[in-house]
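**Student:**
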Amino acid sequence: MQKNNVVTVTIEDIGVNGEGIGKVDGYTLFIKDAMIGDVIEAKVMKAKKHYGYARLQKILTSSEARVKTPACPMARKCGGCQIQEMKYSAQLAFKEGKVCGNLERIGGVPTELLDEIMEPVVGMERGETAEVAAAADTEKAGAADYQPFCYRNKAQFPIGTDKEGHVIAGFYAGRTHNIISNTDCILGVPVNKEILECILAFMEEYKILSYNEEKHTGLVRHVLIRYGFTTDEIMVCLILNGEELPYAEVLVERLRKIPGMTSITVNVNRAKTNVIMGDKIKLLWGQTFITDYIGNVKYQISPLSFYQVNPVQTKKLYELALDYADLTGEETVWDLYCGIGTISLFLAQKAKQVYGVEIVPQAIDDAKNNAKINGIKNAEFYVGKAEEVLPDYYKEYAKTHNGEKAHADVIVVDPPRKGCEESLLQTIVDMQPERVVYVSCDSATLARDVKFLREKGYELAKVRAVDQFPHTVHVETAVLLQRKNM
Ligand code: SAH
């Protein structure tokens, strides 16, 4: 196979990044935007010895899983969605299969066990994104298929300037920092468009420059918008390569007219970095945070807080974690990687005592504040690395309790993509909790850690994937591991 060859391929598999995989005379090709069941014409872009990458040129026979027309015209160009052209039912099946496959291959979990314990993937249901979903979903996808859109409560739009010199907002094209102009991303709430257009018009009128990443010049880098799904409160934060926004009062006058506007701030980020936010927040109008609820727990969210982006599915994920934790009110529970205490506060309502551990100090400040505004008194939070805080606690406990071992009834972990360090998993095992609930955003590292825990006396009792991010290849998973009686 050589570069620029044009070939006909039947797509037979899907890769971890949502790409289609097919073979031509035994040679494997990876093809973005192609899906299982498609027969396509593709052009080879890069040819290695045993496999290559090709570009979809023409669909000869369309897969059953394909939607009639993608709801967003930018679906292929934009780096945000990877599988928007796939029917939602097929997206869900792909995600469930990915979790299952990783647990089998990487985790060494027997297929028979998985068949028995794996619960059906939790997808979004029609109407769950409230009034906002109606606009974009069904008709565009073909009447029988529900496609969930408008589920994100947070959007960060890079600001740039196009060839004609107009200020634009949009998204990065896949794997680049080229901005595709789009103020109307259908994964976000419709009001984003109104806010962005207001800001862009203001910038044009007052000649305020967009940031130029290469030259490190200009002012406005990003616009962050957050929307409280249960409160309808809106937050707008402009991220600046500078201290002040000129004519800020004019922009404020315009933005505050938008119903629900609650917080208008600027964030200062003068660093030459692709980290979006700096540390400093300045209030322009209203307050520095918005409020939202997940279930009956209230959260105050500032521009710098980490907060789950899909509140509808987050509620389901936390309820699942709570269900797996199976609390009666007597338990001591640890919530490791607790962020702003979201899961901790959910658990605290049903446990005797919860300890949260998180590496980001501001997140712990938020967690403590969130406990306070909810009147939750049985949650305590520690700043630090989970793999240091828990082992230290364990050692210290033995010292101060005549060698007695620290015990937890339930330990919940929700680590970032890299999963847990082995030293932490070992301490978890040493603390002999009855149940370990592992919430994961990367089922490959989850599987690796499940393998460790299974070898150390914990059996996998339940597995369920939850789709927090429709149209992307990402999937959350919750598993329950139960201590075997030894
Ligand atoms: N459970 C929370 C957050 C999960 S995201 C929620 O559902 O909202 C993972 C969190 O782990 C992030 O807040 C991140 O800051 C934190 N983190 C990353 N590495 C860590 C470590 N080594 N120890 C403790 N927390 C860590």
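Residue numbers for the sequence shown follow the working numbering, so the first one is 2 and each next one is one higher.
We put the beta carbon where it would ideally sit given N, CA and C, even for glycine.
1) Do you know how far the Cα of tyrosine 54 is from the Cα of aspartate 336?
2) Which two residues bound the contiguous alpha helix (DSSP H) that contains lysine 69?
3) Grab me the residues of valine 114's own chain with a C-beta within less than 7 Å of its C-beta, minus the 5 sequence neighbours each way, in chain order.
4) If we count Cβ pairs, one from each stretch, closer than 8 Å, do we get three or more for the stretch 302 to 309 versus the stretch 361 to 380?
5) Please specify which runs of the beta strand (DSSP E), each continuous and at least 3 residues long, are wholly inside the stretch 171 to 209, giving them in chain order.
6) Is alanine 399 close to chain B, meaning its C-beta is less than 8 Å from at least one C-beta of that chain?
7) Buried or exposed for glutamine 58, please, with buried defined as at least 16 other CB atoms from any protein chain shown within 10 angstroms of its CB.
8) Buried or exposed for lysine 406, please, with buried defined as at least 16 other CB atoms from any protein chain shown within 10 angstroms of its CB.
9) For cysteine 101, does the three-state DSSP call read helix, strand or coil?
10) CB-CB under 6 Å to tyrosine 52, same chain, minus the five flanking residues each way: which ones, in chain order?
11) Measuring from the CB of glutamate 359, is there a heavy atom of ligand 2 at a distance below 7 Å?
12) So, phenylalanine 512 versus leucine 481, is the Cβ gap smaller than 8 Å?
13) Ignore the nearest five residues each way along the sequence and tell me which others in alanine 380's own chain have a CB closer than 7 Å to its CB.
14) Using the Cα positions of isoleucine 277 and leucine 241, report the straight-line distance between them to the nearest angstrom.
15) Is glutamine 92 helix, strand or coil when you go by DSSP?
16) Which ranges would you report for the beta strand (DSSP E) in the stretch 446 to 478 if only whole runs of at least 3 residues count?
17) Where do the ends of the beta strand (DSSP E) carrying serine 264 lie?
18) Taking the alpha carbon of leucine 61 as the point to measure from, which residue in Cys73, Val8, Cys79 and Phe31 has its own alpha carbon closest?
19) Do you know offhand how far alanine 174's Cα is from valine 414's?
20) Short check: CB of asparagine 193 to CB of alanine 249, under 8 Å?
21) Looking only at its chain, what residues have a beta carbon closer than 6 Å to the beta carbon of proline 159, apart from the 5 residues adjacent to it on each side?
22) Please confirm whether glycine 420 and arginine 455 have their CB atoms less than 8 Å apart.
23) Between which residues of its own chain and isoleucine 187 is the CB-CB distance below 6 Å, once the five residues before and five after are set aside?
24) What I want to know is whether the C-beta of lysine 386 ends up closer than 7 Å to one or more non-hydrogen atoms of ligand 1.
25) Going by DSSP in three states, glutamate 390 sits in which element: helix, strand or coil?
26) To the nearest angstrom, how far is it from the Cα of lysine 283 to the Cα of leucine 220?
27) Just checking, does the stretch 390 to 400 make contact with the stretch 314 to 333 on the three C-beta pairs under 8 Å criterion?
28) Please list the terminal residues of the continuous beta strand (DSSP E) segment that includes isoleucine 240.
29) Counting pairs of Cβ atoms below 8 Å between the stretch 230 to 245 and the stretch 286 to 301, do you hit three or more?
30) Is isoleucine 259 buried or exposed, if buried means 16 or more other CB atoms sit within 10 Å of its CB?
31) Counting C-beta neighbours from all protein chains within 10 Å, is the total for histidine 472 16 or more, i.e. buried, or is it exposed?
32) Could you check whether aspartate 327 and leucine 93 sit closer than 8 Å to each other, using their CB atoms as the reference points?
33) Taking only heavy atoms of ligand 1 into account, decide whether any of them is closer than 7 Å to the Cβ of isoleucine 341.
34) Considering only residues of the same chain and omitting the five flanking positions on each side of alanine 35, which have a CB-CB separation below 6 Å?
35) Applying the 10 Å Cβ sphere with the 16-neighbour rule, what's the burial state of isoleucine 374?
36) Mind checking aspartate 116: buried by the 16 CB within 10 Å criterion, or exposed?
**Tutor:** This is what the structure holds:
1) It is roughly 42 Å from the alpha-carbon of aspartate 336 to the alpha-carbon of tyrosine 54.
2) Premise fails: lysine 69 is in no alpha helix (DSSP H) and is neither H nor E.
3) Correcting the residue type first, residue 114 is leucine in the shown sequence and not valine. The answer, listed in chain order, is Leu461.
4) yes
5) 180 to 182
6) No chain B is part of this structure, which consists of one protein chain only.
7) Here glutamine 58 is exposed, its C-beta having fewer than 16 other C-beta atoms within 10 Å.
8) exposed
9) DSSP places cysteine 101 within a helical segment (H, G or I) once states are collapsed to three.
10) Thr29
11) Ligand 2 is not part of this structure, which contains only ligand 1.
12) Since the first residue shown for the chain is 2 and the last is 487, residue 512 is missing from the structure and cannot be characterised.
13) Here alanine 380 has Gly342, Ser345, Leu346, Ala349, Val355, Gly357 and Ala372 as same chain residues with Cβ atoms under 7 Å from its own Cβ, once five neighbours each way along the sequence are excluded.
14) 10 Å
15) helix
16) 459 to 467
17) 262 to 269
18) Val8
19) 33 Å
20) No. Outside cutoff.
21) Ile180 and His223
22) Against a cut-off of 8 Å, the Cβ pair of arginine 455 and glycine 420 comes out as no contact.
23) Ala72, Cys73, Ala137 and Phe150
24) yes
25) The sequence given here places valine at residue 390; glutamate does not occur at that position. In this structure, valine 390 counts as helix in the three-state DSSP scheme.
26) 15 Å
27) no
28) For isoleucine 240, the enclosing beta strand (DSSP E) begins and ends at 235 to 241.
29) yes
30) Taking all protein chains in view, the Cβ of isoleucine 259 is surrounded by fewer than 16 other Cβ atoms within 10 Å, so the residue is classified as exposed.
31) buried
32) no
33) Checking the Cβ of isoleucine 341 against ligand 1 gives yes.
34) Ile12, Gly21, Ile41 and Leu57
35) exposed
36) exposed
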